[in-house]
Amino acid sequence: MIDGHTKLFGLLAHPAAHSLSPLIHNTSFKVTGINGVYLAFDVTSDGLPDSLAAMRAMNIGGFNLSMPLKTDVIPLLDEITPRAERLQAVNTVINRDGRLVGDSTDGQGWVDSLKQDDITIDEKVVTVLGSGGAGRAIISAAVDAGAQKVYVFKRTNDIFESRKEQLESWSDVVEVLPYEDEAMIAQAFDESQIIANSTNVGMAGDQSTPVSKAVISHLTPQHIVTDAIYFPLETPFIRAAKQRGSHTYNGIGMLVNQAAGSFLEWTGQRMPVQPVIEAVHTAVQQRQQN
1 MIDGHTKLFG LLAHPAAHSL SPLIHNTSFK VTGINGVYLA FDVTSDGLPD SLAAMRAMNI
61 GGFNLSMPLK TDVIPLLDEI TPRAERLQAV NTVINRDGRL VGDSTDGQGW VDSLKQDDIT
121 IDEKVVTVLG SGGAGRAIIS AAVDAGAQKV YVFKRTNDIF ESRKEQLESW SDVVEVLPYE
181 DEAMIAQAFD ESQIIANSTN VGMAGDQSTP VSKAVISHLT PQHIVTDAIY FPLETPFIRA
241 AKQRGSHTYN GIGMLVNQAA GSFLEWTGQR MPVQPVIEAV HTAVQQRQQN
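Each residue of the sequence shown is one higher than the last, beginning at 1 in our numbering.
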């Protein structure tokens, strides 16, 4: 029940109405009995300074943010964590008695989603397709989790060299390679135990896959294949990996576990991840049917 002690949390995004974050956090508050409520606020970059001022003035507990606010928020904060500094992105803001601290829980969400099934990154070879926001978060977390090698495939464009320099500066285990080199992707698949698609290929009604059928033929039952996409629940890439016998994971685990990182920082309590995953799965299923 909402009362005078209810703590407010929320999402700052544009658009915000489609987000599953309110379902995730309000389900968590209900299951844990924490007196909190989570709302979605449609906020643009221009409105961000006023939103942060309101957070301080009204003692709002914390916010999540989507792009481009993840980068726009950084100069407005009092402090950011080392992993947010590395990524130059913040998806979680914590209000510590008026001091606003920014963190990035996205990549750890990917690691934790695998950890649920006792899959660790330590000493594994990982291939990441794409180096956008989700990709960089996964790469950073894989490095922190002790990956033996991280192959990153990025499209060759005007920022290829600068992105390669950035990512390879994080660790000597990271190697950024051109996405156009199919033979190299196939070789990386052969060497890898874990393959992560962080591109948006296969999202919504897109029936394409992020790599060719020839590359997909290199997948085996020994591979763990993840997709950051959760709508649809089964992308063409995940479907193809299943047909090859690989262990597959859609993006719901990463989505819920990155939210669990925020929840822990805000409340000091662990998110009840399993019932939340079930609630999100049901919601996505319903959206697919509409």
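Don't be surprised by glycine CBs; every beta carbon is placed ideally from N, CA and C.
Predicted model, so just to flag it, every value in this text is computed and none were measured.
Residue range Ser21 to Thr32 is occupied by the alpha helix (DSSP H) that includes Phe29, with no beta strand (DSSP E) assigned at that position. Here the segment 128–139 lies against the segment 151–164, with 3 or more beta-carbon pairs under 8 angstroms apart. Uninterrupted alpha helix (DSSP H) stretches at least 4 residues long and entirely within the segment 129–164 occur at 133–144, given in chain order. With distances taken between CA atoms, Ser19 lies nearest to Tyr38 out of Tyr38, Val31, Gly4 and Asp227. With a minimum length of 3 residues, the unbroken runs of beta strand (DSSP E) contained wholly in the segment 33–68 fall at 36–42 and 62–65. For Tyr179, DSSP assigns no beta-bridge partner whatsoever. Here Ala283 is not near Met271, since their CB atoms are 7 angstroms or more apart. Beyond the five residues adjoining it in sequence on each side, Leu23 comes within less than 7 angstroms, by CB distance, of Ala279, Val280 and Ala283 in the same chain, given in chain order. Ala204 places its beta carbon 7 angstroms or farther from that of Thr226. Residue state for Asn197 is assigned as strand, using DSSP reduced to three classes. Given a length threshold of 3 residues, each whole run of the beta strand (DSSP E) inside the segment 204–273 is given here in chain order: 224–227 and 247–249. Counting along the chain, the unbroken beta strand (DSSP E) around Leu11 starts and ends at Lys7 to Ala13. Between Asp78 and Val101, the beta carbon gap of about 7 angstroms places them in contact (Cβ cut-off 8 angstroms).
Scanning Leu264, Asn290, Gln288 and Gln289 for the CA closest to the CA of Ser28 turns up Leu264.
DSSP places Asp112 in the helix class (H, G or I) of the three-state scheme. Distance from the Cα of Leu12 is smallest, within the candidate group His247, Leu52, Gly36 and Lys30, for Leu52.
About 12 angstroms separates the Cβ atoms of Trp110 and Val143, ruling out a contact at the 8 angstroms cut-off. With a cutoff of 7 angstroms on beta-carbon distance, Gly61 and Asn35 are scored as not near each other.
By the neighbour-count definition (other C-beta atoms within 10 Å, threshold 16), Met1 is an exposed residue.
Selection Gln274, Ile238 and Val73 evaluated against Thr32 yields Gln274 as nearest (Cα-Cα).
Between Ser140 and Arg86, the gap from beta carbon to beta carbon is short of 7 angstroms. Take Glu180, set aside five residues on each side of it, and the residues of its chain with a beta-carbon closer than 7 angstroms to its own are Thr156, in chain order. Gly98 carries a coil assignment under DSSP once its states are collapsed to helix, strand and coil. Shown here for Ile229: same chain residues with a beta carbon closer than 8 angstroms to its own, the five before and five after excluded, namely Asn197, Asn200, Gly202, Met203, Thr235, Asn250 and Gly251 in chain order. In its chain, beyond the 5 residues on either side, Tyr38 have a beta carbon closer than 6 angstroms to the beta carbon of Asn26. Under the DSSP assignment, Glu85 falls in the alpha helix (DSSP H) whose first and last residues are Pro82 to Leu87. One Cα belongs to Pro49, the other to Gln148, and the distance between them is close to 41 angstroms. With respect to the 7 angstroms criterion, Ile194 and Lys124 are classified as neighbours on the basis of their beta carbons. Beta-bridge partners of Thr127 (DSSP): Tyr151 and Ile195. Comparing C-alpha distances from Pro75 to each of Ala89, Arg83 and Ala16 shows the shortest one belongs to Ala89. Residue nearest to Ala183 within the set Lys164, Ser217 and Glu165 is Ser217 (criterion: CA-CA distance).
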